[in-house]
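To start, the structure itself, in C-alpha cells.
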Amino acid sequence: MRYTVSAPDVPMHAAIRLPASKSISNRALILHALAHGRQALCNLSDCDDTRVMVRALQGNPEHIDIMAAGTAMRFLTAYLSVTPGVRIITGTQRMQQRPIRILTDALRQLGANIEYAGDEGFPPLRITGSELQGCEISLAGNVSSQYISALLMIGAVLPKGLHLHLTGCIISRPYIDLTLKLIRDFGGCAEWSSENSITVYPGGYRDVPFTVESDWSAASYWYQILALRGNEERKTRSGESPKGNEEETIELLGLFPHSYQGDSRGAEIFSRLGVHTEYTDKGVRLTLAGTPVDRLEEDMVDIPDLAQTFVVTCCLMNIPFRFTGLQSLKIKETDRITALIAELRKLGYAVRSEQDSILLWEGERCPAESAPVIATYEDHRMAMAFAPACIALPQIRIDEPQVVSKSYPGYWEDLKQAGFTICH
Numbered sequence: 030m031r032y033t034v035s036a037p038d039v040p041m042h043a044a045i046r047l048p049a050s051k052s053i054s055n056r057a058l059i060l061h062a063l064a065h066g067r068q069a070l071c072n073l074s075d076c077d078d079t080r081v082m083v084r085a086l087q088g089n090p091e092h093i094d095i096m097a098a099g100t101a102m103r104f105l106t107a108y109l110s111v112t113p114g115v116r117i118i119t120g121t122q123r124m125q126q127r128p129i130r131i132l133t134d135a136l137r138q139l140g141a142n143i144e145y146a147g148d149e150g151f152p153p154l155r156i157t158g159s160e161l162q163g164c165e166i167s168l169a170g171n172v173s174s175q176y177i178s179a180l181l182m183i184g185a186v187l188p189k190g191l192h193l194h195l196t197g198c199i200i201s202r203p204y205i206d207l208t209l210k211l212i213r214d215f216g217g218c219a220e221w222s223s224e225n226s227i228t229v230y231p232g233g234y235r236d237v238p239f240t241v242e243s244d245w246s247a248a249s250y251w252y253q254i255l256a257l258r259g260n261e262e263r264k265t266r267s268g269e270s271p272k273g274n275e276e277e278t279i280e281l282l283g284l285f286p287h288s289y290q291g292d293s294r295g296a297e298i299f300s301r302l303g304v305h306t307e308y309t310d311k312g313v314r315l316t317l318a319g320t321p322v323d324r325l326e327e328d329m330v331d332i333p334d335l336a337q338t339f340v341v342t343c344c345l346m347n348i349p350f351r352f353t354g355l356q357s358l359k360i361k362e363t364d365r366i367t368a369l370i371a372e373l374r375k376l377g378y379a380v381r382s383e384q385d386s387i388l389l390w391e392g393e394r395c396p397a398e399s400a401p402v403i404a405t406y407e408d409h410r411m412a413m414a415f416a417p418a419c420i421a422l423p424q425i426r427i428d429e430p431q432v433v434s435k436s437y438p439g440y441w442e443d444l445k446q447a448g449f450t451i452c453h
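Each residue of the sequence shown is one higher than the one before, starting from 30 at the first, in this note's numbering.
In C-alpha cells form, the structure reads like this:
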C-alpha cells in the first residue's frame, strides 16, 4: 500500500482528539493485572501495541504473539516471570532480532525461569512463572528504560521488594519517573533512594480506577505541521517581518498541563520553532508566534521518540541542528538513525551521524529524487514524521502507511479532517 499526501491549500482550523498515551496505557495494564484489578481503565490506547497487551493479559494464553510491540515484549517478559504458568512469547521477524538478554539476565538474577526458544539472547522466550526470591540487581543506566520499567513494576509483588542500582549515565530518566508515578497511582511504594538507585517496597498494588492521558508523542506531529505551515507562510512574505499567521490554529484534546509524559517537553522545543502552546480546559491550543531560531541543539536522551519529528522538521525549515543522546534509536522498531539519513537523502538533505548517538546537519544538500517514496521500515514514527513534508513539497508518497496503527491508528483520518488530501 502507498499513500500520496498533499497539504491543505486554505488556513487550518483543526480540533484533534489525540490517541491515548501508549506509554501510560501499557504500564497501567501491567499494574492493573498485578493488582488483579476489576476497576475500569478508561481511555486506553487503541494502538497495536496496547491491543496485543490486552490480548496477552486476557484469557491466559499459553502462546503469546506480540507482533512488533517492543514495549509489550519487555513488560510482559517481566510480568510472566512472576505469574504462575508456562508460556511462550514471540513476535515478528524483526522482533526476533531485537535483543532482550539484558532483561532476561536481570530477571534470572531475581530467580526467574526463562529459556530462549530460538536464538540465544533474542525472542521467542519460554517463561515459567513463579515467586521470585531475589531483591537486588544492578543494570547499566544507558540501557532501554523499558527494561528498567519492566523490572520496577514487578518489584512491589516480590516478597522482599526490589532495590535497583543503575550504573553510569542514566538515559530516558523521564520514562523511569513515569513508571514510578504510575506505581504510586496503583498503590505501590517506589522512590529514588539515591541519585542512581531505586527502591520498590513489597506490598503489591491496589485495584483502582484510572484514566489515561492523551499522547504527547502523537501531539508532536501536529506541532510539526504548524511549524512547517508557519515556515511556508514566512517564505511567501518576502521582505516582511515574520509575525505568524494568526488564522492557523490546531487544538489538541486530552493533554494535561502537568503531564507524566517526558515527551511533553517537545512543546518547549517547538516554541523555538515558532509554535506557541496555550493550555485550555480541553487540552492545548497551538498558534504561530515569534521567529524560529537559526540553529537547534538539543540533548534528546530523555525524548528519543521525538527525534524523527525534529530531524525532519528542521531540515524542511532549513534550520541546522545537532541532536545528541540518541543511542537508543539503533534498537527501536528499526535502526532509526540509518533510516532517517536514507530517507532524507531522497528529499535532498545530507544528514550525518556520529558515534551512533548523534544526528547533525549543517545545511548540506544532495540531489533530491524527482518522485521520492518514503520507506517506513515497519516503523510508525517514520510514516508520521515524514507525512507533513508535503507542506514544504508539492506532495509526499509514503510506503506501507498502515504502520501508524502501532501507536496512532487514526492518524490518516485526522490529517483528512484537518484538510490534507490522501490518495491511495
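Beta carbons: idealized from backbone N, C-alpha and C, even for Gly. Everything numeric in this text was worked out from a predicted model, so none of it was measured.
request  = Decide yes or no for the touch test of the stretch 286 to 306 against the stretch 199 to 207: beta carbon pairs closer than 8 Å, at least 3 of them.
outcome  = Yes, the stretch 286 to 306 is in contact with the stretch 199 to 207.
request  = Indicate the three-state DSSP secondary structure (helix, strand or coil) for Asn225 in the structure shown.
outcome  = Walking along the sequence shown from the start, residue 225 turns up at place 196. Correct three-state label for Asn225: coil.
task = Measure the Cβ-Cβ separation of Ala179 and Arg84 and say whether it is below 7 Å.
result = One-based indexing of the sequence shown puts residue 179 at position 150. One-based indexing of the sequence shown puts residue 84 at position 55. One thing to note: Ala179 has its Cβ no nearer than 7 Å to the Cβ of Arg84.
message = I need the DSSP call for Phe104, collapsed to helix, strand or coil.
response = As a first step, residue 104 must be located in the sequence shown, where it is residue number 75. Phe104: helix per DSSP, three-state reduction.
request  = Provide the residue span of the alpha helix (DSSP H) that contains Gly184, from first to last.
outcome  = In the sequence shown, residue 184 corresponds to position 155, counting from 1. Ser174 to Gly184 is the extent of the alpha helix (DSSP H) around Gly184.
key: Beta-carbon proximity check, Ala379 vs Glu362, cutoff 7 Å   = Residue 379 sits at position 350 when you count from the first residue of the sequence shown. Residue 362 sits at position 333 when you count from the first residue of the sequence shown. Their beta carbons are not under 7 Å apart, which means Ala379 does not touch Glu362 by this criterion.
query = Going by alpha carbons, who is nearest to Ser54 out of Met413, Glu372 and Thr240?
reply = The residue given as residue 54 occupies position 25 in the sequence shown. For the set Met413, Glu372 and Thr240, the Cα lying nearest the Cα of Ser54 is the one of Thr240.
task = Return the bridge partner residues of Gly158 from the DSSP annotation.
result = For the purposes of this step, residue 158 is taken as residue 129 along the sequence shown, with counting starting at 1. Answer by DSSP bridge pairing, in chain order: Gly114.
task = State the beta-bridge partners of Tyr230 as determined by DSSP.
result = For the purposes of this step, residue 230 is identified with residue 201 of the sequence shown, where counting begins at 1. Paired residue(s): Cys218.
inquiry  = DSSP three-state label for Ala463, please.
reply    = Nothing can be reported for residue 463, as the shown portion of the chain is limited to 30 through 453.
request  = Have a look at Gly283, Ala414, Leu358 and Gly354 and flag the residue whose alpha-carbon is nearest the alpha-carbon of Leu345.
outcome  = Residue numbering aside, residue 345 sits at position 316 when the sequence shown is read from its first letter. When the alpha-carbon of Leu345 is set against those of Gly283, Ala414, Leu358 and Gly354, the nearest one is in Ala414.
message = Quick check on this structure: which residue in Trp390, Thr33, Cys76 and Ile45 has the alpha carbon closest to the alpha carbon of Leu284?
response = Taking the first residue of the sequence shown as 1, we reach residue 284 at position 255. Considering only alpha carbons, the answer is Ile45.
ask   = Among residues of its own chain, excluding the 5 on either side of Pro113, which ones have a beta-carbon nearer than 8 Å to its beta-carbon?
value = On the sequence shown, position 84 is the one that residue 113 refers to. These residues qualify, in order along the chain: Gly158 and Ser159.
request  = With DSSP collapsed to three states, give me the class of Asp94.
outcome  = Here residue 94 refers to the residue found at position 65 of the sequence shown. If DSSP states are grouped into helix, strand and coil, Asp94 belongs with the strands.
query = Is it a yes or a no for the stretch 370 to 390 touching the stretch 297 to 316, going by three-plus beta-carbon pairs under 8 Å?
reply = Contact fails between the stretch 370 to 390 and the stretch 297 to 316, because fewer than three Cβ pairs, one in each stretch, are under 8 Å apart.
key: beta strand (DSSP E) segment containing Tyr454, residue limits   = The structure shown does not extend to residue 454, since the chain spans only 30 to 453, so no value can be given for it.
key: Cβ-based burial, Pro423 [other Cβ within 10 Å; buried from 16]   = Mapped onto the sequence shown, residue 423 falls at position 394. The Cβ neighbour count for Pro423, taken over all protein chains shown within 10 Å, is under 16; the residue is labelled exposed.
inquiry  = On the criterion of 16 or more Cβ atoms from any shown chain inside 10 Å, does Arg263 qualify as buried, or is it exposed?
reply    = Translated into the one-based positions of the sequence shown, residue 263 becomes position 234. The residue is buried, with at least 16 neighbouring Cβ atoms inside 10 Å.
ask   = Three or more beta-carbon pairs under 8 Å between the stretch 222 to 232 and the stretch 186 to 193, yes or no?
value = They touch, by the three-pair rule.
request  = Would you check if the stretch 129 to 141 and the stretch 169 to 183 touch, i.e. whether three or more CB-CB distances between them fall below 8 Å?
outcome  = Contact between the stretch 169 to 183 and the stretch 129 to 141 is present, with at least three C-beta pairs closer than 8 Å.
key: Where the alpha helix (DSSP H) through Cys343 begins and ends   = Position 314 of the sequence shown, counted from the start, is the residue given in the question as residue 343. Going by DSSP, Cys343 is part of the alpha helix (DSSP H) stretching over Ala336 to Leu345.
request  = Enumerate in chain order the residues of its own chain whose CB-to-CB distance from His192 is below 7 Å, with the five nearest sequence positions on each side excluded.
outcome  = The count along the sequence shown starts at 1 and reaches residue 192 at position 163. Closer than 7 Å at the Cβ level, and outside the excluded window around His192, lie Cys164, Glu165, Ser226 and Thr228.
query = I think Phe449 touches Val34, with their Cβ atoms under 8 Å apart; what is that distance to the nearest whole Å?
reply = Residue numbering aside, residue 449 sits at position 420 when the sequence shown is read from its first letter. Residue numbering aside, residue 34 sits at position 5 when the sequence shown is read from its first letter. Contact between Phe449 and Val34 holds: CB atoms are separated by about 6 Å, below the 8 Å threshold.
inquiry  = On the DSSP bridge list, what partners appear for Glu327?
reply    = Reading the sequence shown from its first residue, position 298 is the one you call residue 327. Phe352, per the DSSP bridge assignment.
message = Suppose you measure from the CA of Leu369 to the CA of Gln337; what does that come to, to the nearest Å?
response = If you number the sequence shown from 1, residue 369 lands on position 340. If you number the sequence shown from 1, residue 337 lands on position 308. Cα to Cα, Leu369 sits roughly 7 Å from Gln337.
task = May I ask which residues mark the beginning and end of the alpha helix (DSSP H) holding Arg426?
result = In the sequence shown, residue 426 corresponds to position 397, counting from 1. For Arg426, no alpha helix (DSSP H) encloses it; the enclosing beta strand (DSSP E) starts and ends at Ile425 to Asp428.
query = So, are the CB atoms of Gly140 and Gln162 less than 7 Å apart?
reply = Here residue 140 corresponds to residue number 111 of the sequence shown, with the count starting at 1. Here residue 162 corresponds to residue number 133 of the sequence shown, with the count starting at 1. Yes, the Cβ-Cβ distance between Gly140 and Gln162 is below 7 Å.
request  = Ignore the nearest five residues each way along the sequence and tell me which others in Trp441's own chain have a CB closer than 6 Å to its CB.
outcome  = For the purposes of this step, residue 441 is taken as residue 412 along the sequence shown, with counting starting at 1. Excluding positions up to five away in sequence, the list reads Ile451.
inquiry  = Going by C-alpha to C-alpha distance, which of Ala135, Thr309 and Leu109 sits closest to Glu91?
reply    = Numbered from its first residue, the sequence shown carries residue 91 at position 62. A check of alpha carbon separations from Glu91 across Ala135, Thr309 and Leu109 identifies Leu109 as the nearest.
request  = Rounded to whole angstroms, what's the CA-CA distance from Gly120 to Ala318? Just pull it up for me.
outcome  = Counting from 1 along the sequence shown, the entry for residue 120 is found at position 91. Counting from 1 along the sequence shown, the entry for residue 318 is found at position 289. Answer to the nearest angstrom: the Cα atoms are 45 Å apart.
query = Thinking just about the alpha-carbon of each residue, which of Ala371, Glu326 and Ser246 is nearest to the one in Arg351?
reply = Here residue 351 is taken as the residue at index 322 of the sequence shown, counted from 1. Nearest of Ala371, Glu326 and Ser246 to Arg351, Cα basis: Glu326.
inquiry  = Within 10 Å of its beta-carbon, does Gly217 have 16 or more other beta-carbons around it, so buried, or fewer, so exposed?
reply    = By one-based count along the sequence shown, residue 217 stands at place 188. So Gly217 ends up on the buried side.
query = Buried or exposed: His453, going by 16 or more other Cβ atoms within 10 Å of its Cβ?
reply = Here residue 453 refers to the residue found at position 424 of the sequence shown. His453 is exposed by the Cβ-count criterion.
inquiry  = Can you give me the C-alpha to C-alpha distance between Asp77 and Ser436, rounded to a whole angstrom?
reply    = Residue numbering aside, residue 77 sits at position 48 when the sequence shown is read from its first letter. Residue numbering aside, residue 436 sits at position 407 when the sequence shown is read from its first letter. Rounded to the nearest angstrom, the two C-alpha atoms are 6 Å apart.
key: Simplified DSSP assignment, three categories, for Gly312   = Here residue 312 is taken as the residue at index 283 of the sequence shown, counted from 1. Reduced to three states, the DSSP call for Gly312 is strand.
message = Counting C-beta neighbours from all protein chains within 10 Å, is the total for Cys343 16 or more, i.e. buried, or is it exposed?
response = Within the sequence shown, the letter at position 314 stands for residue 343. Buried, since its Cβ has 16 or more Cβ neighbours within 10 Å.
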